[in-house]
Amino acid sequence: MSYSIPKGVFDIFPTENKPEDQWKEAHHWQHVLEVMRRLSSEYGFEEIVTPIFEKTELFTRSIGEGTDIVSKEMYTFLDKGKRSLTLRPEGTAPVVRAFLDRKLYNESYCNKLFYLGPMFRYERQQAGRYRQFHQYGAEVLGVSSPEQDVEIIDLLCTLFQNLGIQNLTIHLNSIGNKECRKSYREALVAYLTPHKEKLSPESQNRLEVNPLRILDSKNKDDQKILDGSPSILDYLEEDSKEHFEEVQKWLRIFKIPFKVNPRLVRGLDYYNKTVFEVVCGDLGAQDTLAAGGRYDSLTQDLGGPELPAIGFAMGIERVLQVMHAQKCSFKPRPVPQILLIPLGEPSKEVCFELLKQLRLHNIPSEMDFSLKKLKHIMKYADKKKVTYVSVIGEDELLNEEIKLKHMITGKEETIPLDQLILTLVNKVQHGT
Ligand code: HAM
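Heads up: the sequence shown begins at 629 in this note's numbering, then just goes up one per residue.
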């Protein structure tokens, strides 16, 4: 029996030794999540938290039976009541399900939602691809205008700017409505069928099940064949065409650079019109940091009223990996301002009281309970990067004076015991 961690998942620790694992450090995660929460709120988005598992049919209906996610990657199980449940592979379908369940469409001010949390896909293990990964996502329900598409893309760009990430390309496409996708699909199959034997086995299989996904193939021979393939943009009907032009016009007005990529199709069936992906040159093969698009018929497909919608999701692991690769800065790791070290029983009581007061004044503080030798406690303080330590023993109690030792400079100052809180409040305020 082995208790090692399962394949494709990872732990997040307070600290990591190996440089390649540093993106897993907890305070780096906190930094990124804080920026995401702050910016979402500045853009008027409110947080929604949905369950980790849902009924399986929610995902089969929304993501689509023929997709890789549904056909190969879902963690599906029967519960003890023989109900088929699935660990959520993505956040859009659950958000829409919750939105419809709660009839949030009746509360017109509540249609911009964001979420943060783990998703699960049984994927082949490789760098940047995990079986439990985390997404930050944002969804707007009930708005059909192209300007909304641009606001969503702008949120993404501002977020990357706020995190300090560079070297990004936004790939943009329109996949139109169901009818034009059907005509395009026929044209693509007609073009690819004579080349079938030369396609990779995966693409040959896709030709039957989901031919549009062949456009995504990374296989060099497939790509050569695809070079001569028809473009979906030539199949767009008037409404989608106009929408796509408006999106591009507003992106230019917002000064957001983008690249039209007619081969961009998405791996989930619910999209129509605008689709996009943000790719970073500093990631390996899994270079997509975020992706999204319009899904105007999903609410109806899930039994709700007609509500056009758009959103995106971002892989938090990949964001952290890029931030490390690009040496982006993180907020400093939080450190205790003071460590109180009691020597002897009577000073324990005094230290406890001081600790309570310090915490009431929001001063990050700790007290030593380890009963280890002073040398070990000082080593702990050093490692933890505590700013001050104060050893409080019989003499200090008798004289009602304590020494504050600054751990970096080594300087000691003596202060009256009853001035400790005030002194530290001042020091925190002045950052000393
Ligand atoms: P997605 O393209 O499947 O879209 O995932 C979005 C992002 O999640 C990817 O670009 C990637 O950064 C990250 N991601 C996906 N799978 C993994 C994995 N196995 N390991 C690490 N990161 C991963 C969606 O999920 C849609 N729900 C996006 C959306 C929201 N569309 C509209 N609204």
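Note that beta-carbon positions come from the ideal geometry of N, C-alpha and C, so glycine has one too.
Exposed or buried, residue i, counting other C-beta atoms within 10 Å across all chains shown (16 or more means buried)?
i, result
"residue 764", "buried"
"residue 966", "buried"
"residue 776", "buried"
"residue 809", "buried"
"residue 1040", "exposed"
"residue 642", "exposed"
"residue 694", "exposed"
"residue 1033", "buried"
"residue 711", "exposed"
"residue 645", "exposed"
"residue 633", "exposed"
"residue 1054", "exposed"
Starting from residue i, trace the alpha helix (DSSP H) both ways and give me its first and last residue.
i, result
"residue 838", "Run containing residue 838: none; DSSP gives neither H nor E here."
"residue 958", "Element bounds for residue 958: n/a, residue is neither H nor E."
"residue 668", "654 to 670"
"residue 698", "Residue 698 -> no alpha helix (DSSP H), and no H or E assigned at all."
"residue 815", "806 to 820"
"residue 974", "973 to 988"
"residue 783", "774 to 791"
"residue 728", "720 to 729"
"residue 927", "926 to 929"
"residue 852", "848 to 854"
To which residues does DSSP link residue i through a beta bridge?
i, result
"residue 937", "769"
"residue 683", "713"
"residue 920", "904 and 940"
"residue 966", "993 and 1016"
"residue 1029", "1044"
"residue 799", "887 and 905"
"residue 764", "744 and 942"
"residue 1034", "1016"
"residue 674", "741"
"residue 757", "754"
Please tell me whether residue i and residue j are closer than 8 Å, where the distance is taken between their beta carbons.
i, j, result
"residue 949", "residue 911", "yes"
"residue 804", "residue 750", "no"
"residue 799", "residue 907", "yes"
"residue 845", "residue 868", "no"
"residue 924", "residue 936", "yes"
"residue 728", "residue 930", "yes"
"residue 1020", "residue 969", "yes"
"residue 941", "residue 972", "no"
"residue 962", "residue 1014", "no"
"residue 790", "residue 663", "yes"
"residue 996", "residue 882", "no"
"residue 1043", "residue 1028", "no"
"residue 690", "residue 1016", "no"
"residue 1025", "residue 992", "no"
"residue 861", "residue 890", "yes"
"residue 747", "residue 709", "no"
Given residue i, which residues of its chain have a CB within under 7 Å of its CB, disregarding the five upstream and five downstream residues?
i, result
"residue 687", "698, 702, 714, 717 and 721"
"residue 672", "740"
"residue 875", "774, 777, 778 and 902"
"residue 659", "958 and 959"
"residue 915", "907 and 908"
"residue 979", "968, 970, 995 and 1020"
"residue 786", "667"
Check for me: the beta strand (DSSP E) holding residue i runs from which residue to which?
i, result
"residue 746", "740 to 748"
"residue 704", "704 to 706"
"residue 881", "No beta strand (DSSP E) contains residue 881, which is instead part of the alpha helix (DSSP H) from 866 to 881."
Excluding the 5 residues preceding and the 5 following residue i in the sequence, name in chain order all residues of the same chain whose CB lies nearer than 8 Å to its CB.
i, result
"residue 614", "What is shown of the chain runs 629 to 1060, which leaves residue 614 out entirely."
"residue 842", "816, 820, 827, 831, 834, 835, 850 and 854"
"residue 917", "788, 793, 796, 906, 907, 908, 911, 942, 943, 946, 947 and 950"
"residue 640", "652, 653, 654 and 657"
"residue 725", "678, 682, 686 and 930"
"residue 813", "839 and 840"
"residue 770", "733, 736, 739, 935, 936 and 937"
"residue 1004", "998"
"residue 675", "665, 668, 741, 742, 743 and 744"
"residue 913", "754, 755, 756 and 846"
Can you list, in chain order, the residues of its chain with a C-beta nearer than 6 Å to that of residue i? Leave out the 5 residues immediately preceding and following it.
i, result
"residue 879", "778 and 886"
"residue 994", "964 and 967"
"residue 707", "713"
"residue 635", "753"
"residue 811", "863"
"residue 1051", "1043"
"residue 760", "637, 746 and 748"
With respect to 7 Å, is the separation between the Cβ of residue i and the closest non-hydrogen atom of the ligand ATP below this value?
i, result
"residue 940", "As presented, the structure is devoid of the ligand ATP, carrying the ligand HAM as its sole ligands."
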